[in-house]
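Using numbering that gives the first Met the number 0, you'd call the opening residue of the sequence shown number 0 and step up by one each time. Every residue, glycine too, gets a C-beta built ideally from N, C-alpha and C. Inspection log for the structure reproduced underneath, given as structure tokens.
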Amino acid sequence: MSDKATIKITVYHERTIHANEQSGFTIASYKTEDSMLIPEDARSKYQPRDGKTAFTGVGNRLPTTKDVEIELVGKWEDGKFGKQLKIASCTVLRPKTTEGIAVYLASDLIKGIGESTAKAIVDKFGVDTLDIIDKTPERLIEVQGITEKKLKIIIETYNNSAGLRDIMTALADYGVTPKKAEKIREAFGAQAADIVKENPYVLCKINGFGFKTVDKMAKKKGFAPDNPQRIKESVIYALSEAQQSGHLYLGNGKLTLEALKLLEAKKVITDTTSQSAMSTSIKHAILELVMENRLQEENRMIYLPHNFIAERETAKLVKAMIRKTPLQVDIGITAEEKISVAITEAEASQGINLADKQREAVSMAVMNHFSIITGGPGTGKTTVVKALVEIYKKVSGGTVAFAAPTGRASRRLSESVEDDAATLHSVLGLKVDSSNITSNAQEKAKNVISADLLIVDESSMIDMKLAHQLFKSLKSTTKLILVGDFNQLPSVGAGNVFRELLLCGAIPVTRLDVVHRQAQTSRINLNAHAILKNKADLLYGPDFEFIQTETSEEAVEQVKQLYFKYIKAKDANGKTYGADGVQILSPMRGRGKCCVNALNKDIQSTINPKTSNRPEITVGFNTFRLFDKIMQTKNNGEVSNGDVGRIRAIKKDDDGVLVTIDFGGGRMVKYSQEEMETIDLAYSTTIHKSQGSEYPVVIIPVLTEAFILLQRNLIYTAITRAKTKVILVGQKKALYTAIHKSEMVGRNTVLGRMVVQG
């Protein structure tokens with residue numbers, strides 16, 4: 000038999016050598032009784048004692064369940080570590096004995112059945128078990144311990160497993176995981192594998208398949224570089240990448256260039272007006288995509304449709320809100336006088352004295368239907384909001400609601416105003432970040448804001464999508480006040496809503512720019528305002544330190560040592576800061592010595608190391624252990640993006656792995672292994688992710704290796720997250736670069752212009 004011939008062989012899994020959760024690539028040792036099919040040089044060095052012959056197989060998402068018969072189809076190939084069977088397809092064979100059926104049911108193929116439930120099912124139905132599951136699965140309810148809910152899960156996963164594995168096997172080269180296979184089948188139906196094989200670029204329409212990955216595999220399959228679908232998907236991908244960078248659109252010429260870079264990745268392209276055949280094809284593709292309504296074009300600005308609609312509808316809604324609010328007054332008194340009296344009464348009841356700018360902010364907010372209040376730390380935004388609420392209720396008698404873009408920001412707001420505050424997503428009834436077949440699906444708000452006045456804090460974090468839903472949900476009679484600091488980083492999502500509205504000149508704005516006496520003792524506040532004025536001669540002392548390091552390696556060690564020191568240190572009240580009170584904020588997530596990912600793993604290995612009695616779970620590239628500090632990275636209904644919590648339990652049962660996370664305030668939330676994909680370790684986090692949060696102690700690596708990210712608003716946002724102490728670690732040169740580099744990268748949006756011009 001030739002080594003190059005395709006063989007079919009029945010095997011048992013012996014051990015897993017390597018399994019990549021992300022790509023699905025698996026290397027495993029299998030053993031078989033068909034020793035004649037195993038070449039001598041493919042046989043493992045260490046053979047099993049049961050008389051079977053062991054060898055190594057490689058492939059995508061291979062079965063790795065013990066004691067289950069598996070049929071493999073593949074060819075022998077010489078690899079780096081010797082001859083291996085490259086597996087093209089695999090099938091878990093249906094067992095015929097009660098023992099085999101029990102093992103089969105308890106395998107990872109069927110969710111909801113563990114060893115004890117599998118034994119109970121087989122004890123009840125014997126060798127007829129699989130026939131019953133096939134033909135009358137509802138009878139499983141006769142087995143003790145199987146509820147209606149569990150029965151539904153078992154039936155679904157049993158029916159799905161064969162179809163999903165067929166798709167995964169057929170599309171093995173595309174790195175198809177079970178979750179992705181499910182999306183492919185949902186998108187394309189029973190003929191999914193054939194559709195994708197005929198035109199792999201259709202995968203680009205599904206979340207989780209980037210153009211670059213699909214394009215690489217399509218090239219291997221022989222698809223032509225000028226394939227029309229390839230060109231179209233490169234255009235869509237280029238716009239999606241621009242959206243990830245904050246842009247709502249790209250100019251026609253820029254979009255053509257970015258698509259050209261993707262299509263001719265190995266060539267140097269410098270001429271934006273290139274007349275190459277590929278450039279011409281791209282321009283034709285853009286026109287066709289516009290005609291197909293997959294893109295929107297206006298004045299040579301090319302948008303993804305949801306961004307086009309969101310920007311234009313929001314501009315119209317904002318414009319309709321710009322008006323004065325009539326106040327009912329008694330004869331002989333003006334509206335201004337009525338507000339002035341109410342301000343004086345509020346000052347007396349709250350024991351405060353409002354500065355001129357603060358009084359102006361209150362008066363402006365009461366007299367206008369839509370207004371903005373902006374200011375940095377220590378300028379009295381919270382004081383203004385608390386006074387404003389009391390004054391508004393006195394002069395108008397309306398109801399007031401409070402909201403913020405994230406859970407942590409809403410809880411901070413609630414503490415500040417001593418009233419209930421919610422996330423914007425919960426106020427609007429949005430279930431954001433749920434999986435969609437297309438990443439551009441636009442979810443609609445389900446709620447209408449019923450309050451007479453809505454105050455939204457940390458408004459610089461509002462992206463275009465969220466702003467669109469907010470303005471659509473306001474009643475025509477509801478007043479809106481956006482509060483925030485426009486010097487902070489813009490929203491993570493596309494757009495630059497707060498800054499556009501603030502600078503357009505059509506909306507009443509109060510800028511609070513004076514640091515008040517009670518805040519002037521904080522070097523954090525004083526240095527924040529110095530940075531905004533391009534001053535690098537900062538004030539240093541117990542609450543604001545800079546630790547010089549010569550290299551990135553030194554900085555890493557300093558950051559870790561400082562972290563370990565301060566989690567054990569005590570605050571002014573004698574309370575230990577702990578891991579929740581100390582936060583490392585890095586400019587970079589995955590690159591550089593002091594990036595978030597590397598610091599999280601280093602710190603975890605020291606303060607929460609792997610032990611035999613401490614359960615853990617690996618999800619993708621992250622390993623989570625009992626007691627780890629974590630962060631939610633997407634809104635999921637119960638928990639908001641940016642919420643920080645602690646892992647309190649990791650348990651495995653018939654339903655799989657279940658992780659319990661304590662987010663504080665009585666919020667104990669359970670996560671499946673799949674749901675843990677929305678969780679990150681949180682000993683360190685990015686400055687972007689820290690927006691809307693406050694921490695007693697903040698440690699910030701400031702290094703020249705992060706040169707491209709060093710901006711004034713980045714360092715400003717980082718230091719203003721600290722309540723008690725800031726420690727900068729790195730090179731003064733990097734700090735000076737950040738302070739003096741004020742030219743923020745512009746975002747492609749015309750929201751402000753549209754509000755003014757229509």
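- DSSP places residue 6 within a strand segment (E or B) once states are collapsed to three.
- Judged by pairs of C-beta atoms under 8 Å, the stretch 687 to 697 does not touch the stretch 506 to 515, as fewer than three such pairs exist.
- The DSSP assignment places 711 to 718 as complete runs of the alpha helix (DSSP H) inside the stretch 692 to 719, in order along the chain (cut-off: 4 residues).
- Residue range 114 to 124 is occupied by the alpha helix (DSSP H) that includes residue 116.
- In this structure, the beta-carbon distance from residue 245 to residue 299 does not fall below 9 Å.
- In the structure shown, residue 305 falls within a helical segment according to DSSP collapsed to helix, strand and coil.
- With contact defined as three or more Cβ pairs closer than 8 Å, the stretch 619 to 635 and the stretch 670 to 688 are in contact.
- The criterion of a C-beta distance shorter than 9 Å is satisfied by residue 565 and residue 580.
- A straight line joining the alpha-carbon of residue 723 with that of residue 545 spans about 15 Å.
- At a Cβ-Cβ threshold of 9 Å, residue 157 and residue 120 do not count as neighbours.
- Your pair residue 5 and residue 27 does not check out as a contact, with CB atoms roughly 19 Å apart and the cut at 8 Å.
- For residue 228, the closest C-alpha among the options 248, 240, 258 and 253 is that of 258.
- Counting only the Cα atoms, residue 90 lies some 17 Å from residue 55.
- Where residue 668 is concerned, the enclosing beta strand (DSSP E) starts and stops at 667 to 671.
- Within the same chain, 509 come within 6 Å of residue 359 by CB-CB distance, once the 5 residues on both sides are set aside.
- Pairing residue 303 with residue 471 gives a Cβ-Cβ distance that is not under 9 Å.
- Counting the other CB atoms within 10 Å of its CB gives residue 700 a total of 16 or more, which places it among the buried residues.
- Its Cα nearest to that of residue 664, the residue 645 stands out among 645, 658 and 102.
- Counting C-beta pairs with one atom in each stretch, the stretch 707 to 715 and the stretch 280 to 298 have fewer than three that are closer than 8 Å, which means they do not touch.
- Residue 192 sits in a helix when the DSSP states are folded into three classes.
- Looking from the CA of residue 230, the closest CA among 221, 214, 309 and 749 belongs to 214.
- Per DSSP, residue 367 lies in no beta strand (DSSP E) and is assigned neither H nor E.
- Here residue 604 is exposed, its C-beta having fewer than 16 other C-beta atoms within 10 Å.
- Residue environment: residue 35 is assigned as exposed (fewer than 16 neighbouring CB atoms within 10 Å of its CB, all protein chains considered).
- Per DSSP, the unbroken beta strand (DSSP E) holding residue 452 starts and ends at 452 to 455.
- In this structure the stretch 547 to 554 does not lie against the stretch 398 to 416, because fewer than three pairs of beta carbons, one per stretch, are closer than 8 Å.
- Per the DSSP secondary-structure output, residue 546 pairs in a beta bridge with 728.
- Ranked by Cα distance from residue 59, the first of 623, 24, 78 and 398 is 24.
- The C-beta separation of residue 478 from residue 305 comes to about 28 Å, leaving the pair out of contact by the 8 Å criterion.
- Residue burial annotation: residue 236 is buried, with at least 16 other C-beta atoms found within 10 angstroms of its C-beta.
- Under a 10 Å Cβ-count criterion, residue 134 is classified as exposed, with fewer than 16 other Cβ atoms of the shown protein chains found around its own Cβ.
- Fully enclosed alpha helix (DSSP H) runs of no fewer than 4 residues occupy 496 to 502 of the stretch 494 to 521, in order along the chain.
- Between the stretch 451 to 458 and the stretch 200 to 207 there are fewer than three inter-stretch CB-CB distances shorter than 8 Å, so the stretches are not counted as touching.
- DSSP places residue 479 in the strand class (E or B) of the three-state scheme.
- Under the DSSP definition of a beta bridge, residue 649 partners with 658.
- Using a Cβ distance threshold of 9 Å, residue 489 and residue 458 do not count as a contacting pair.
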